[in-house]
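Novice:
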């Protein structure tokens with residue numbers, strides 16, 4: 002998924018561990034990659050990021066939507082529920098400057114990779130969690146997608162769509 006000129010720019014030398022999927026998180030890490038950061042995207046073994054299957058359009062067997070927000074990244078497959086996968090993720094987390102995830106609140110903690118756990122082994126780590134709702138809010142445990150956020154926020158009533 003690397004494009005010519007990747008790892009050049011103001012963020013060259015910064016390593017980012019990307020534990021995101023669908024659009025919001027991959028778009029964020031795509032921008033970091035566009036500015037030269039080395040982005041390592043972690044995907045699950047059973048199909049990877051859900052966006053891989055979204056289409057048409059497809060370029061060969063790849064979803065154009067997936068390709069558009071995952072350029073300038075190296076992709077690895079890890080089973081985060083297995084001991085080997087957890088050990089590999091911990092090694093990666095200890096070798097990066099930034100970790101970005103967009104799981105529902107509490108998932109990273111249940112896997113053993115919450116901020117406190119990772120900061121203990123990598124004190125310089127910048128840890129970013131992207132969520133649809135504030136974690137302690139009424140909808141804090143729910144995933145969020147565009148259509149749902151548009152409805153809950155009242156945006157659909159303003160636009161009529």
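Numbering (this note's numbering), first residue to last: 2 to 162.
For glycine and all other residues, C-beta sits at the position ideal for the given N, C-alpha and C.
(1) Count the other CB atoms, across all protein chains shown, that sit within 10 Å of the CB of residue 84; report buried if there are 16 or more and exposed otherwise.
(2) Between residue 17 and residue 41, how many whole angstroms is the CB-CB distance? I'm expecting something under 8 Å.
(3) Leaving out the 5 sequence neighbours to the left and right, which residues in its chain are closer than 6 Å to residue 128 when beta-carbon positions are compared?
(4) Residue 73: buried (16+ other C-beta within 10 angstroms of its C-beta) or exposed?
(5) How far does the alpha helix (DSSP H) with residue 127 in it extend, from its first residue to its last?
(6) What does DSSP give as the partner residues of residue 64 in its beta bridges?
(7) In the DSSP output, which residue or residues are listed as bridge partners for residue 78?
Specialist: Concretely, from the data shown:
(1) Taking the first residue of the chain shown as 1, we reach residue 84 at position 83. Its Cβ having fewer than 16 others within 10 Å, residue 84 is exposed.
(2) Sequence index remark: in the chain shown, residue 17 carries index 16 (1-based). Sequence index remark: in the chain shown, residue 41 carries index 40 (1-based). Right, the Cβ-Cβ distance comes to about 7 Å (below 8 Å), so this counts as a contact.
(3) Looking up residue 128 in the chain shown gives position 127. Cβ within range, chain order: 100 and 116.
(4) Numbered from 1 along the chain shown, position 72 holds the residue referred to as residue 73. The residue is buried, with at least 16 neighbouring Cβ atoms inside 10 Å.
(5) One-based indexing of the chain shown puts residue 127 at position 126. That residue, residue 127, is in no alpha helix (DSSP H); its beta strand (DSSP E) goes 127-130.
(6) Numbered from its first residue, the chain shown carries residue 64 at position 63. 59.
(7) Within the chain shown, the letter at position 77 stands for residue 78. Its beta-bridge partners are 44.
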